[in-house]
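Report on the structure given below.
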Amino acid sequence: MGERFCDINLRINGEDISARVEARKTLIDFLRDDFGLTGSHIGCEHGVCGACTVLIDGAAARGCLVLAVQCDGAKVDTIEGLSDSGVLIDLQDAFIRRNALQCGFCTPGMLITAQELLSRGGVPSRERIRDHISGNYCRCTGYHAIVDAIELTAKARESTRAGRDA
Amino acid sequence: MDSGLLASLGPVMTAMKLSPDQPSPLSALDRPNSYIGRSVPRPNLARLTQGRGQYVSDVVLPRMAHVAFVRSPHAHARIKTIDTAQAKNAPGVIAVVTGAELTKVITPWVGVLTHLKGIKSAPQHAIAVDRACWQGEAVCAVVARTRAQAEDGCALVNVDYEVLPAVTDAETALDPVTPVIHPALGDNLTFERTLSVGDPDHAFAAADAVVETTFVFGRHTGVTNESRAIVADWNPGEQRLTVYQGTQAPHMTQNLFAKHLGLEEHQVRVLTRDVGGSFGLKVHIYADEMATVALSKLLKRPVKFIADRFESFVTDIHARDHRIKAKIGVNRDGTITAFEIDDLTGIGPYSVYPRTSGIEANQVVSLVGGSYTCPNYRARARVVFQNKNVMCQYRAVGHPIATAVTEGLVELAATKIDMDPAELRRRNLFADDNYPATSAAGLKFEKLSHHASLDKILAMMDYGKLRAEQAELRACGIHRGIGLASFIEVTNPSAAFYGIGGARISSQDGATVRLDSAGAVFVHSGVTEQGQGAESVLAQCVATSFGVPIERVRVVTGDTDNTPYGGGTWASRAAGIGGEAAWQAGKALRQNVLAAAASILQADPKALDIRAGIIVDADTGRERMGLDEVARVVYFRPDTLPPGFQAEFVATRHYVPRQWPFAFTNGVQASYLEVDIRTGAIKLLRHWCVEDCGTVINPQLVDEQIRGGIVQGIGAALFEHCLYDEAGQFLNGNLMDYLVPMAPEMPDIEIDHVVTPTADSELGAKGCGEAGTAGAPAAVMNAVNDALRPLGAAPITTMPITPERVLGALLRA
Ligand code: FES
Ligand code: FES
Numbered sequence: 000m001g002e003r004f005c006d007i008n009l010r011i012n013g014e015d016i017s018a019r020v021e022a023r024k025t026l027i028d029f030l031r032d033d034f035g036l037t038g039s040h041i042g043c044e045h046g047v048c049g050a051c052t053v054l055i056d057g058a059a060a061r062g063c064l065v066l067a068v069q070c071d072g073a074k075v076d077t078i079e080g081l082s083d084s085g086v087l088i089d090l091q092d093a094f095i096r097r098n099a100l101q102c103g104f105c106t107p108g109m110l111i112t113a114q115e116l117l118s119r120g121g122v123p124s125r126e127r128i129r130d131h132i133s134g135n136y137c138r139c140t141g142y143h144a145i146v147d148a149i150e151l152t153a154k155a156r157e158s159t160r161a162g163r164d165a
Numbered sequence: 000m001d002s003g004l005l006a007s008l009g010p011v012m013t014a015m016k017l018s019p020d021q022p023s024p025l026s027a028l029d030r031p032n033s034y035i036g037r038s039v040p041r042p043n044l045a046r047l048t049q050g051r052g053q054y055v056s057d058v059v060l061p062r063m064a065h066v067a068f069v070r071s072p073h074a075h076a077r078i079k080t081i082d083t084a085q086a087k088n089a090p091g092v093i094a095v096v097t098g099a100e101l102t103k104v105i106t107p108w109v110g111v112l113t114h115l116k117g118i119k120s121a122p123q124h125a126i127a128v129d130r131a132c133w134q135g136e137a138v139c140a141v142v143a144r145t146r147a148q149a150e151d152g153c154a155l156v157n158v159d160y161e162v163l164p165a166v167t168d169a170e171t172a173l174d175p176v177t178p179v180i181h182p183a184l185g186d187n188l189t190f191e192r193t194l195s196v197g198d199p200d201h202a203f204a205a206a207d208a209v210v211e212t213t214f215v216f217g218r219h220t221g222v223t224n225e226s227r228a229i230v231a232d233w234n235p236g237e238q239r240l241t242v243y244q245g246t247q248a249p250h251m252t253q254n255l256f257a258k259h260l261g262l263e264e265h266q267v268r269v270l271t272r273d274v275g276g277s278f279g280l281k282v283h284i285y286a287d288e289m290a291t292v293a294l295s296k297l298l299k300r301p302v303k304f305i306a307d308r309f310e311s312f313v314t315d316i317h318a319r320d321h322r323i324k325a326k327i328g329v330n331r332d333g334t335i336t337a338f339e340i341d342d343l344t345g346i347g348p349y350s351v352y353p354r355t356s357g358i359e360a361n362q363v364v365s366l367v368g369g370s371y372t373c374p375n376y377r378a379r380a381r382v383v384f385q386n387k388n389v390m391c392q393y394r395a396v397g398h399p400i401a402t403a404v405t406e407g408l409v410e411l412a413a414t415k416i417d418m419d420p421a422e423l424r425r426r427n428l429f430a431d432d433n434y435p436a437t438s439a440a441g442l443k444f445e446k447l448s449h450h451a452s453l454d455k456i457l458a459m460m461d462y463g464k465l466r467a468e469q470a471e472l473r474a475c476g477i478h479r480g481i482g483l484a485s486f487i488e489v490t491n492p493s494a495a496f497y498g499i500g501g502a503r504i505s506s507q508d509g510a511t512v513r514l515d516s517a518g519a520v521f522v523h524s525g526v527t528e529q530g531q532g533a534e535s536v537l538a539q540c541v542a543t544s545f546g547v548p549i550e551r552v553r554v555v556t557g558d559t560d561n562t563p564y565g566g567g568t569w570a571s572r573a574a575g576i577g578g579e580a581a582w583q584a585g586k587a588l589r590q591n592v593l594a595a596a597a598s599i600l601q602a603d604p605k606a607l608d609i610r611a612g613i614i615v616d617a618d619t620g621r622e623r624m625g626l627d628e629v630a631r632v633v634y635f636r637p638d639t640l641p642p643g644f645q646a647e648f649v650a651t652r653h654y655v656p657r658q659w660p661f662a663f664t665n666g667v668q669a670s671y672l673e674v675d676i677r678t679g680a681i682k683l684l685r686h687w688c689v690e691d692c693g694t695v696i697n698p699q700l701v702d703e704q705i706r707g708g709i710v711q712g713i714g715a716a717l718f719e720h721c722l723y724d725e726a727g728q729f730l731n732g733n734l735m736d737y738l739v740p741m742a743p744e745m746p747d748i749e750i751d752h753v754v755t756p757t758a759d760s761e762l763g764a765k766g767c768g769e770a771g772t773a774g775a776p777a778a779v780m781n782a783v784n785d786a787l788r789p790l791g792a793a794p795i796t797t798m799p800i801t802p803e804r805v806l807g808a809l810l811r812a
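Protein chains in written order, with numbering that gives the first Met the number 0: chain A, 0 to 165; chain B, 0 to 812.
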C-alpha cells in the first residue's frame with residue numbers, strides 16, 4: 000500500500016502539522032475529517048459552488064479540487080484560523096449587520112473570496128463585487144445583501160485608510 | 000377591539016393591534032423596549048460567520064459508520080440478482096444490505112392523503128425491492144468505516160438488471176398503449192382534480208376577446224447548498240433512536256421513523272441544528288434517509304448519510320414540470336370574463352411521503368385567477384406517474400406556476416385589447432375595501448391590498464418614466480421589457496393543509512418560556528431555524544411581550560425531546576404561527592412573574608410591569624426590582640414568600656389559526672430587463688417587489704426572505720432545468736451543467752411593503768417566505784415578452800427562457 004499513503008508537512012492556521020494522508024484524499028476532506036475544521040463546507044465536490052474555499056499560501060482555492068498531498072509544504076488558512084486572528088472581523092460584522100447570510104453554509108467561502116477582493120484595496124463597483132464572487136453559490140440570499148456587506152466593508156476600510164494617510 | 004379607534008390610530012398604530020389583556024392605551028408595538036418591527040441582528044450569525052456552525056454534515060459520533068448507496072443506472076428495471084460477495088470483503092466495509100434484507104427492519108409506505116380525493120400511489124421501500132423505478136433509486140447499501148470505503152464497496156456490488164420500458168413523457172403516460180408502472184393501480188393516473196365555477200362556456204362565448212396559449216414549466220430542483228444529511232444512532236441499551244437530521248419538520252420525521260421501524264414515538268429523538276438551506280426540499284422523508292435509520296437499527300451503531308451533489312440531483316425532490324393549456328376571456332373595457340386551465344404534471348414513480356405529490360397541481364387549480372374578481376373558472380389538473388425522479392413540494396408550491404399562468408394570460412389579454420397591463424389589472428383585482436372576499440376557486444381572503452400594492456410598485460419603479468425610457472431606447476435598437484405580476488400567497492396554514500387528510504403533521508405550534516435564576520429567558524419552540532431567522536423572530540416576540548432586552552433571550556429549537564410538539568417550518572408558518580405562540584407565552588410568563596414580584600413587593604400585580612428586565616410601576620415606570628432579584632427570591636428563598644404562594648416561572652402557549660384555513664398574503668413584482676436580440680441573452684436590470692405579509696416583525700429578515708425567494712424564482716424563469724432523455728436518463732445532474740443563479744447575473748432588488756395584519760392572531764403577522772419565488776417567474780416572463788412583442792415575436796411561455804428559446808421566438812416572428 001506504499002503509494003496509497005504519503006507523509007506531508009504543512010502549516011494549518013499557523014500550526015505545524017505532520018500527517019500521513021491517503022493519496023486520494025482531498026484537502027477539504029483532510030481538513031474536515033482529520034482535523035475537525037468543519038467551518039469549510041462541501042457543496043458540490045466538483046469545483047463549482049465555492050463552499051470549500053480556503054487560502055493556500057495566501058490565495059483563495061477550492062479545497063475540493065486540491066489533494067491534501069499537494070499541500071505538502073504549504074500554508075493553509077481556513078475560516079477558523081482567519082476568524083481567530085481577527086483579520087476578517089469587520090467583514091464578518093458587516094455580514095451580520097446586513098443579514099448577508101441565511102443558512103450560513105456558503106458564508107465561510109464567501110468571506111474568504113470577498114476578502115481576496117478587498118485586500119486589493121479601493122472600493123470596487125457592485126458589478127466588480129458580483130463578478131468576484133461569481134464562483135460562490137448562495138441559494139438563500141439572492142446575493143444582494145452579500146454585495147451590500149462587501150461594499151460597506153470596502154468603504155469603511157477605504158475611509159480608515161484615508162484617515163490614516165491624512 | 001373598537002375598529003373606530005383602530006382607524007384613528009393611523010397606519011403605524013393599526014399595524015399592531017392592542018393586546019386585550021393590556022389596560023394601557025399603548026399598542027403592543029409601542030410596548031416599552033418593543034422589538035416588533037425592528038431589524039435586530041440574528042443571534043446565531045456570529046458563529047456561522049466564524050465557521051462554528053453545527054450542520055449535520057459536521058456531526059461525528061463514536062463508532063459512526065458511513066453509508067453509500069448503489070443506485071439504479073436505469074429508469075425502470077427489474078433487479079434480477081445482487082452479488083454482494085466482493086463488496087463484503089472490501090477494506091473497511093461493515094455491511095452490505097439489499098432492499099429485501101432491509102424490509103425486516105423497516106416497513107414500506109404509501110404517499111397518499113384522504114383530502115386529495117382518489118389520489119393513489121404504490122408502496123415504496125427504503126431500498127428498492129425487485130424493481131427500480133427511476134434512475135438514481137437506491138438498490139443496495141454499503142456501510143463502511145469511511146464514506147470513501149463505502150463508495151469503493153459500492154463499485155464492487157454487481158447488480159444484474161433486466162431493463163424495462165420507461166414511461167417518461169407525461170403527455171402519453173395515460174395512453175392505453177403506455178405500460179402501467181404499478182399494474183396494481185390500474186393506470187398511471189396519480190390524482191385528478193376538476194373544478195367548474197360560474198358559467199365559463201357562456202363567459203368565453205360572450206367575451207370580446209379570448210386568448211389561448213400553453214405554458215410549460217421546466218422541471219427543476221432545490222439545490223440546497225448543504226445537501227440532505229442525516230446521522231442515525233440506534234442505542235439498544237436505551238432502546239432509543241437519536242437522529243441528527245437537516246429537516247424542516249422534526250416532529251413529523253420523528254413520527255415517520257417510529258412508525259416504520261415499529262417503535263413508539265417517544266423512542267425517537269430528532270435533533271435539527273444548523274441546516275444548510277431547505278426550501279421545502281427538506282420537509283419530506285426520503286427513501287435513503289429511511290434506509291439510514293434502518294441500517295443504524297440493524298447494525299446497532301451510528302450511521303451517517305450525506306447525499307453528494309450527483310445523488311442530490313437524482314433523489315432530492317424535483318418540482319414544477321407542469322404543462323398547462325390556458326385560456327382567458329376579456330372584454331374591451333378590460334373586464335376579465337373567465338379563466339380556464341388544463342394542467343398535466345408528471346411526478347415520478349411514487350407520490351412522495353407523507354405530504355403527497357398531488358399538492359402542487361391542487362394548488363395550481365386553487366390559485367389560478369385568485370387575485371381577480373372574475374367569477375367564471377374551469378380547471379382540470381392531472382397528475383401522472385413516470386419513471387423519473389420524484390416531484391413534490393418545493394418553495395412556493397404551485398404559486399409560481401399559477402402566477403405565471405394567470406399573469407401571463409393577463410398581459411396577453413392586455414395586448415389583445417390594447418390596454419396598459421397595469422390598467423387591466425386595476426380593473427380586475429379584488430378591491431382593497433371589499434373584504435372578506437372569496438375567489439372563484441373558493442379561496443377565502445380576510446383582507447388583501449392588491450391596489451395599494453400595485454400603486455406603490457408603480458410609484459417605486461416610476462412606471463410612466465420607465466415606459467418612456469423603454470420607448471426611447473427601442474428607437475435606438477435597444478430592446479427592454481417591463482413585466483408585472485400580482486400574486487397571492489398561502490401562509491399560516493391551518494389543519495386544512497395536511498391534518499384533515501390524515502397526515503400526522505401539526506398545524507399548531509407551541510412555545511415554552513422559562514425564567515432562569517439570573518433573570519434571562521429561555522424559549523423552546525416547535526418551529527425550526529432554516530436560516531430564515533425564525534430564532535430571531537421568536538426572541539423578538541418574547542423579549543417584547545415579556546419585557547427583557549433581547550440579549551437575555553435564548554432560543555431552543557430543533558429537538559423533539561425539548562420543544563413543544565409542533566409542525567416545524569414550511570408554508571411560511573414559522574413567524575405567523577410560531578411567533579404568535581411565543582408572543583403569548585411571553586405574556587403568560589410576564590403575568591406569572593408579576594404575580595411573584597407583587598407578592599414580594601406586597602403590591603397589586605396589575606400595577607406592575609416588566610420593562611427592559613426590570614419590575615416597574617406600570618403608570619410611572621419607577622423601578623422596583625430587577626428580574627434577577629425576583630428570580631433569586633423565588634428559586635433560593637421561597638421560604639420568605641407568603642404562605643400558599645407558589646411561583647410558576649415556566650409558561651407554555653400554543654397557537655393554531657382557527658378562523659381562516661390560510662392567511663393569504665398578496666403582493667406584486669416587476670422586472671425590467673434587456674434582451675440582446677442577436678444572442679438571445681437576457682440581462683436583468685432591476686427588480687421590484689411590494690409585499691403585504693401583515694405585521695412585519697423584522698423588516699430586514701422579511702426583505703431578505705423576499706430577495707432570496709425572488710432569485711430562486713429567477714432561476715426557474717431563466718436557468719434551472721432538470722433535463723431527461725427519452726429513456727429517463729438525467730442529462731445534467733451536476734452544478735456545471737445545471738445552471739443556478741450566480742451573483743453576476745442577478746439584479747439588485749428593491750422591496751417595499753403594505754401592512755394589513757391578520758386579525759386571527761394578536762401579532763397580526765402572516766408569512767413571507769415564498770412570496771419572492773411565487774411572483775418572480777411571471778414578472779420576468781412578462782418582461783421578456785414585453786421586450787420582444789414589438790419585434791413580432793411569438794410570446795414565450797416555456798420556462799426556463801433560455802437564449803435559444805428567445806432566438807426561436809424571434810425566428811418565428
Ligand atoms: S465543494 Fe468545492 S467548489 Fe463546491
Ligand atoms: S446563506 Fe445559505 S447558501 Fe448562502
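Just so you know, even glycine gets a beta-carbon here, dropped at the ideal spot from N, CA and C.
These numbers were taken from a predicted model, which means no experiment stands behind them.
Closest by CA to residue i, which one among the options?
{"i": "A/E79", "options": "A/V68, A/G103, A/T37 and A/I55", "result": "A/T37"}
{"i": "B/R37", "options": "B/V59, B/V536 and B/N361", "result": "B/V536"}
{"i": "A/A153", "options": "A/Q91, A/G72 and A/A59", "result": "A/Q91"}
{"i": "B/T820", "options": "B/G275, B/G612 and B/V179", "result": "Nothing about residue 820 of chain B can be reported from this structure: the residues present for chain B run from 0 to 812 only."}
{"i": "B/F309", "options": "B/I748, B/L730 and B/I118", "result": "B/L730"}
{"i": "B/V753", "options": "B/K415, B/E703, B/N665 and B/I676", "result": "B/N665"}
{"i": "B/R631", "options": "B/A782, B/D515, B/V779 and B/R30", "result": "B/D515"}
{"i": "B/A421", "options": "B/V695, B/I456 and B/N388", "result": "B/I456"}
Just confirm the distance between the C-beta atoms of residue i and residue j, as a whole number of angstroms; I'd bet it's less than 8 Å.
{"i": "B/A510", "j": "B/A580", "result": "4 Å"}
{"i": "B/V66", "j": "B/L260", "result": "Rounded, the Cβ-Cβ distance is 16 Å, inconsistent with contact."}
{"i": "B/G732", "j": "B/F312", "result": "4 Å"}
{"i": "A/T112", "j": "B/R706", "result": "With 8 Å as the limit, A/T112 and B/R706 do not qualify as a contact, their Cβ atoms being about 20 Å apart."}
{"i": "B/E550", "j": "B/A777", "result": "About 42 Å; that fails the 8 Å criterion."}
With DSSP collapsed to three states, give me the class of residue i.
{"i": "B/D1", "result": "Only weak support is given to the placement of B/D1: the predicted model assigns it a pLDDT of 36, under 50, and the value that follows is read from those uncertain coordinates. In this structure, B/D1 counts as coil in the three-state DSSP scheme."}
{"i": "B/N591", "result": "helix"}
{"i": "B/W582", "result": "helix"}
{"i": "B/N388", "result": "coil"}
{"i": "A/G1", "result": "Bear in mind that the predicted position of A/G1 carries a pLDDT of just 43, short of 50, making it unreliable; the figure below should be weighed with that in mind. DSSP places A/G1 in helix when its eight states are reduced to three."}
{"i": "B/D20", "result": "Interpretation of B/D20 is limited by its pLDDT of 29, a score under 50 that renders its predicted location unreliable; the figure taken from the coordinates is listed afterwards. Three-state DSSP puts B/D20 in coil, outside helix and strand."}
With hydrogens ignored, establish whether the beta-carbon of residue i is closer than 7 Å to any heavy atom of ligand 4.
{"i": "A/G46", "result": "Ligand 4 is not among the ligands present in this structure, which contains only ligand 1 and ligand 2."}
Please confirm whether residue i has its beta-carbon closer than 8 Å to some beta-carbon of chain B.
{"i": "A/T138", "result": "The identity of residue 138 of chain A in the sequence shown is Arg, whereas the question assumes Thr. Yes, A/R138 lies at the interface with chain B (some Cβ there is under 8 Å from its Cβ)."}
{"i": "A/E44", "result": "yes"}
{"i": "A/I130", "result": "It is Asp, not Ile, that sits at residue 130 of chain A in the sequence shown. Chain B, which has a Cβ nearer than 8 Å to the Cβ of A/D130, makes this yes."}
{"i": "A/G1", "result": "Note that A/G1 scores 43 on pLDDT, short of 50, meaning its location in the model is unreliable; the coordinates nonetheless yield the value given after this. So no, A/G1 is outside the interface."}
So is residue i in contact with chain A if we call contact Cβ pairs under 8 Å?
{"i": "B/Y54", "result": "yes"}
{"i": "B/M840", "result": "With chain B covering only 0 through 812, there is no way to say anything about residue 840 of chain B."}
If we count Cβ pairs, one from each stretch, closer than 8 Å, do we get three or more for the stretch 554-561 of chain B versus the stretch 257-271 of chain B?
-> yes
contact_flag[the stretch 368-377 of chain B, the stretch 183-198 of chain B] where n(CB pairs < 8 Å) is 3 or more | yes
Flag this pair as touching only if the stretch 389-397 of chain B and the stretch 279-289 of chain B have three or more C-beta atom pairs under 8 Å; answer yes or no.
-> yes
Answer yes if the stretch 248-259 of chain B comes into contact with the stretch 322-332 of chain B, meaning at least three C-beta pairs across the two stretches below 8 Å, and no otherwise.
-> no
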